[in-house]
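Protein chains: 2
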Amino acid sequence: MARPKEFDKDAALDAATRVFREQGFAGSSAADLTRAMGIGRQSLYDTFGDKAALYRAALARYTALETEAHLAALSTGPRAIDGLEILLARVRAKAGEPCLAVGAVCEFGRSRPELAEVQAAGERALAGALAARVREAQDEGDVAEGLDVGEAAAFLTAAIPGIRIAARGGAGAAQLQALAELTLRALR
Amino acid sequence: MARPKEFDKDAALDAATRVFREQGFAGSSAADLTRAMGIGRQSLYDTFGDKAALYRAALARYTALETEAHLAALSTGPRAIDGLEILLARVRAKAGEPCLAVGAVCEFGRSRPELAEVQAAGERALAGALAARVREAQDEGDVAEGLDVGEAAAFLTAAIPGIRIAARGGAGAAQLQALAELTLRALR
DNA sequence: GAAATTCTGGAACGATCAGTCAATATCCCT
DNA sequence: AGGGATATTGACTGATCGTTCCAGAATTTC
Numbered sequence: 724m725a726r727p728k729e730f731d732k733d734a735a736l737d738a739a740t741r742v743f744r745e746q747g748f749a750g751s752s753a754a755d756l757t758r759a760m761g762i763g764r765q766s767l768y769d770t771f772g773d774k775a776a777l778y779r780a781a782l783a784r785y786t787a788l789e790t791e792a793h794l795a796a797l798s799t800g801p802r803a804i805d806g807l808e809i810l811l812a813r814v815r816a817k818a819g820e821p822c823l824a825v826g827a828v829c830e831f832g833r834s835r836p837e838l839a840e841v842q843a844a845g846e847r848a849l850a851g852a853l854a855a856r857v858r859e860a861q862d863e864g865d866v867a868e869g870l871d872v873g874e875a876a877a878f879l880t881a882a883i884p885g886i887r888i889a890a891r892g893g894a895g896a897a898q899l900q901a902l903a904e905l906t907l908r909a910l911r
Numbered sequence: 724m725a726r727p728k729e730f731d732k733d734a735a736l737d738a739a740t741r742v743f744r745e746q747g748f749a750g751s752s753a754a755d756l757t758r759a760m761g762i763g764r765q766s767l768y769d770t771f772g773d774k775a776a777l778y779r780a781a782l783a784r785y786t787a788l789e790t791e792a793h794l795a796a797l798s799t800g801p802r803a804i805d806g807l808e809i810l811l812a813r814v815r816a817k818a819g820e821p822c823l824a825v826g827a828v829c830e831f832g833r834s835r836p837e838l839a840e841v842q843a844a845g846e847r848a849l850a851g852a853l854a855a856r857v858r859e860a861q862d863e864g865d866v867a868e869g870l871d872v873g874e875a876a877a878f879l880t881a882a883i884p885g886i887r888i889a890a891r892g893g894a895g896a897a898q899l900q901a902l903a904e905l906t907l908r909a910l911r
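Set out below in C-alpha cells:
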C-alpha cells in the first residue's frame, strides 16, 4: 500500500484553473502552476501527467461546474423567462473574470480533439437545457411562438461570450445589462 | 543617405498578423514570425522594435482595416437595415478565421494600456457608425423607435465576437445565419 | 571613396521552458 | 524491521526563449 496523497486534487486543479484563466495555456509556466497549486513539480506530473493534460482536466472541471451553475440559474424562478433572465444576470455578474471556456476557444479553436470533446459536451448540456426552457417560455407566452427553439438556444449560448468579451474589453454594468435585455428582446 | 528598406513593411506586418491570429502572442516565437515575414532577425528588431511592439503594430493595422471594412459594409444598400445585415453577413463569412481583436481581448483583457488604446479606438469608430445607422433605420421604420441607439450599437458590437466564437467552436453557416437574424430581430 | 543605413544568418547571452532525476518520506503488509 | 509501492521535494537537464552582437556585404546619396 502506497503513501496517500497529501494535497486535495480538486483544490489543486482549481488553483491551476485560476492561472490558466488569467494567462492562457501558452502563457502559464509549470513554475506558475506549481506555485499556485502549492505542490512540488514532480507531484504535478505524477498526478496530472503533463501540462496539456492538466489544462484538459482544468477545462473539464471548469466546464462541468459552470454548466451546473448555468443549469441551476435556468431552473430558478416561477416562469421559464425568469430562468433565462437569471442565467444572463449570472453571466453579467461574473463577466469581468476571464472565462476558461472562452479562452480555450480563442487559444485552440477546435485544433485539439481532446479539448474539443470537453467543449462540445458542455455546449450540448447547456443547449439542451436552454431549448427546453425556451419551449416552456413559448408555452407561457413569454417567447414568440414561431421561433425555432434550437436556434434560440444557440443565440443565447452565443450571447454569453459576447457579454464576457464586452466586459473584458471594459464595458460597465449598465451596458452589460442592456446587452442582456436586448438578447431577451430578440426572443419576444 | 542610407540603403532603403527592401521589404514592404505592411506586407511583413500582415504576415506577422497571420501568425499572431493563429497562435496568439505568447504562442508565437520570434523564429515563427521572421519565417512568416520572410525577413532576417535583425531586420525585425530594427523595424519594429521588439515582439510586443510588433504585436501592437499588427493589432493597430488589423483593427484599422477591419473597422474600415465594417464601415464599408454598413454603408451598403438602399436602407440602413441593409447595411446592418451586410455587416453581419460579412462577419459570418469570415467568422471561421481567428480574429486578432478577439484574441487580444482574451489574451490581455485591458492589462496592456498600449493595446487597450488601439482596441478602444476601433470600438469607438464602429460604435459611432453603428449608432448612426441604427438611428437611420429607426427613421426608416426598420428598427423600433424606443430603443437607445447607443445600447443597440453596443449590442451589435457584442454580437460580432459572439458569432466569431460560435464559428470557432464549430457552428455551421446555417446556425451563424440564425444568430445574425435573431440579433437583428432584437432591434425590431 | 565616405558615410549612413540596410541586409543576412549565425553566435552569444541570460533567462525560462517542460519534463526528468535522485533522495527522502509515508503508508500498509509480512 | 524490512519490503514494496507510491508520495514528496527541489535540483538538474537539454531545449527554447527574446534579444543583442557580430561580421561581412549591399545600397543609397554626397
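Protein chains in written order, with this note's numbering: chain R, 724 to 911; chain F, 724 to 911.
Even glycine gets a Cβ: it sits at the ideal position worked out from N, Cα and C.
Note that the coordinates shown come from a computational prediction; the quantities given were computed from them, not determined experimentally.
Q: Inspect the beta-carbon positions of F/Q746 and F/D755 and report whether they are closer than 9 Å.
A: The sequence position of residue 746 of chain F within the second sequence is 23, counting from 1. The sequence position of residue 755 of chain F within the second sequence is 32, counting from 1. Cβ distance < 9 Å, so F/Q746 and F/D755 count as in contact.
Q | C-beta atoms of F/A803 and F/E874 nearer than 9 Å | A | As a working note, residue 803 of chain F is residue 80 in the second sequence. As a working note, residue 874 of chain F is residue 151 in the second sequence. Cβ distance not < 9 Å, so F/A803 and F/E874 don't count as in contact.
Q: Please say whether R/T799 and F/F878 have beta carbons closer to each other than 9 Å?
A: If you number the second sequence from 1, residue 878 of chain F lands on position 155. If you number the first sequence from 1, residue 799 of chain R lands on position 76. No, these two residues do not count as a Cβ contact at 9 Å.
(Q) In the DSSP assignment, the alpha helix (DSSP H) including F/E670 goes from what residue to what residue? (A) Outside the shown range of chain F (724 to 911) lies residue 670 of chain F, about which nothing can therefore be said.
Q: To the nearest angstrom, report how far apart F/R835 and F/A781 are at their CA atoms.
A: Sequence index remark: in the second sequence, residue 835 of chain F carries index 112 (1-based). Sequence index remark: in the second sequence, residue 781 of chain F carries index 58 (1-based). Taking the straight line from one Cα to the other gives about 15 Å.
Q) So is R/D871 in contact with chain F if we call contact Cβ pairs under 9 Å? A) Locating residue 871 of chain R in the first sequence gives position 148, where the first residue counts as 1. Yes, R/D871 counts as interfacial toward chain F.
Q) How would you call R/M760, buried or exposed, if buried means at least 16 neighbouring beta carbons within 10 angstroms? A) The sequence position of residue 760 of chain R within the first sequence is 37, counting from 1. With 16 or more other Cβ atoms within 10 Å, it is buried.
Q: Locate the alpha helix (DSSP H) running through F/C829, then write down its first and last residues.
A: Residue numbering aside, residue 829 of chain F sits at position 106 when the second sequence is read from its first letter. Counting along the chain, the alpha helix (DSSP H) containing F/C829 begins and ends at 823 to 831.
Q | CB contact below 9 Å: F/Q746 versus chain R | A | What you label residue 746 of chain F is simply residue 23 of the second sequence in a count that begins at 1. Yes, contact with chain R.
Q) Whose C-alpha, out of F/E868, F/T880, F/A909, F/G885, is nearest the C-alpha of R/V866? A) Here the question's residue 866 of chain R lines up with position 143 in the first sequence. Comparing Cα positions, the closest option is F/A909.
Q: Would you give the residue range spanned by the alpha helix (DSSP H) that R/F748 belongs to?
A: Your numbering for residue 748 of chain R matches position 25 in the first sequence. First-last for R/F748: undefined, no H or E at that position.
Q | Exposure of R/L838, with buried meaning 16 or more beta-carbon neighbours within 10 Å | A | Residue numbering aside, residue 838 of chain R sits at position 115 when the first sequence is read from its first letter. Its Cβ being crowded by 16 or more others within 10 Å, R/L838 is buried.
Q. When the distance is taken between beta carbons, is R/G819 closer than 9 Å to R/R891?
A. As a first step, residue 891 of chain R is located in the first sequence; it is residue number 168 there, counting from the start. As a first step, residue 819 of chain R is located in the first sequence; it is residue number 96 there, counting from the start. Yes; because the gap between Cβ atoms is below 9 Å, this pair is in contact.
Q) Of all the residues that make up the stretch 809 to 835 of chain F, which are near chain R by a beta-carbon distance shorter than 8 Å? A) P821, V825, G826, V828, C829, E830, G832, R833
Q: Using beta-carbon positions only, say whether F/Q842 and F/T880 come within less than 9 Å of one another.
A: As a first step, residue 842 of chain F is located in the second sequence; it is residue number 119 there, counting from the start. As a first step, residue 880 of chain F is located in the second sequence; it is residue number 157 there, counting from the start. Contact flag unset, no.
Q) DSSP state of R/F730, grouped into three classes? A) Taking the first sequence and counting its residues from 1, the one referred to as residue 730 of chain R is at position 7. In the structure shown, R/F730 sits in coil (DSSP, three-state: anything other than H, G, I, E or B).
**Q.** Extent of the continuous alpha helix (DSSP H) run through R/E874
**A.** In the first sequence, counting from the first residue as 1, residue 874 of chain R sits at position 151. Run containing R/E874: 872 to 891, per the alpha helix (DSSP H) assignment.
Q.
When you compare the CB of R/F878 with every CB in chain F, is at least one pair closer than 9 Å?
A. Taking the first sequence and counting its residues from 1, the one referred to as residue 878 of chain R is at position 155. By this cut-off, R/F878 is an interface position.
Q.
Considering only the alpha carbon of each residue, which of F/D805, F/R847, F/A812, F/A897 lies closest to F/V857?
A. Within the second sequence, residue 857 of chain F is the residue found at index 134, counting from 1. Comparing Cα positions, the closest option is F/D805.
Q) Can you tell which of F/P801, F/E729, F/G750 has the C-alpha that lies nearest to the C-alpha of F/D769? A) As a position in the second sequence, residue 769 of chain F is number 46, starting the count at 1. F/D769 has its Cα closest to that of F/E729, out of F/P801, F/E729, F/G750.
Q: Identify the contact partners of R/R908 in chain F, using a Cβ-Cβ distance below 7 Å as the criterion.
A: Within the first sequence, numbered from 1, the residue matching residue 908 of chain R stands at position 185. In chain order: A909.
Q: Find the nearest neighbour of F/D733 within the set F/A795, F/L777, F/I886, judged by alpha-carbon distance.
A: Mapped onto the second sequence, residue 733 of chain F falls at position 10. Ranking the options by Cα distance to F/D733, first place goes to F/L777.
Q: Taking 9 Å as the cut-off, decide whether the C-beta atoms of F/A876 and F/G845 are in contact.
A: As a working note, residue 876 of chain F is residue 153 in the second sequence. As a working note, residue 845 of chain F is residue 122 in the second sequence. Contact flag unset, no.
Q. Residues in the stretch 881 to 893 of chain F with C-beta within 7 Å of chain R's C-beta atoms, listed in sequence order?
A. A881, A882, P884, G885, I886, I888, A889, R891, G892, G893
Q: Less than 8 Å between the CB atoms is what I'm expecting for F/A852 and F/L797, so what's the real figure, rounded?
A: Here residue 852 of chain F refers to the residue found at position 129 when the second sequence is read from its first residue. Here residue 797 of chain F refers to the residue found at position 74 when the second sequence is read from its first residue. That pair is a contact at about 5 Å.
Q) Are the Cβ atoms of F/G826 and R/C829 separated by less than 9 Å? A) Working through the second sequence from its first residue, we reach residue 826 of chain F at position 103. Working through the first sequence from its first residue, we reach residue 829 of chain R at position 106. Contact: yes.
**Q.** Selection of the stretch 727 to 753 of chain R by Cβ proximity to chain F, strictly under 7 Å
**A.** G747, A749, G750
Q: Taking F/Q842 as the query, report the chain R residues whose CB atoms sit under 9 Å from its CB, ordered along the chain.
A: Residue numbering aside, residue 842 of chain F sits at position 119 when the second sequence is read from its first letter. In chain order: G892, G893.
Q: Starting from F/I809, trace the alpha helix (DSSP H) both ways and give me its first and last residue.
A: For the purposes of this step, residue 809 of chain F is taken as residue 86 along the second sequence, with counting starting at 1. Per DSSP, F/I809 belongs to the alpha helix (DSSP H) from 803 to 816.
Q: May I have the straight-line CA-CA distance separating F/A775 from F/E863, to the nearest angstrom?
A: Start at 1 with the first residue of the second sequence, and residue 775 of chain F comes out as number 52. Start at 1 with the first residue of the second sequence, and residue 863 of chain F comes out as number 140. Rounded to whole angstroms, F/A775 to F/E863 spans 46 Å at the Cα level.
Q | Beta-carbon proximity of F/T790 to F/A848, cut-off 9 Å | A | Within the second sequence, residue 790 of chain F is the residue found at index 67, counting from 1. Within the second sequence, residue 848 of chain F is the residue found at index 125, counting from 1. Yes, these two residues count as a Cβ contact at 9 Å.
(Q) If I measure Cβ to Cβ from F/Q861 and keep anything under 8 Å in the same chain, skipping five residues before and after, which residues do I get? (A) Position 138 of the second sequence, counting from 1, holds the residue named residue 861 of chain F. Counting only Cβ-Cβ distances below 8 Å, and skipping sequence neighbours, we find A867, E868, L870, V872.
Q. List, in order along the chain, the chain R residues whose C-beta lies closer than 9 Å to that of F/Q765?
A. Mapped onto the second sequence, residue 765 of chain F falls at position 42. Neighbours of F/Q765 on chain R: none; closest Cβ ~25 Å, over 9 Å.
Q.
What residue range does the alpha helix (DSSP H) around F/R856 cover?
A. On the second sequence, residue 856 of chain F is found 133 positions in, with the first residue counted as 1. Per DSSP, F/R856 belongs to the alpha helix (DSSP H) from 836 to 862.
Q.
I'd like to know whether the C-beta atoms of R/I886 and R/V814 end up nearer to each other than 9 Å.
A. By one-based count along the first sequence, residue 886 of chain R stands at place 163. By one-based count along the first sequence, residue 814 of chain R stands at place 91. Cβ atoms of R/I886 and R/V814: closer than 9 Å.
**Q.** Collapsed DSSP secondary structure at R/L910 in the structure displayed
**A.** Translated into the one-based positions of the first sequence, residue 910 of chain R becomes position 187. Of the three classes helix, strand and coil, the one that applies to R/L910 here is coil, per DSSP.
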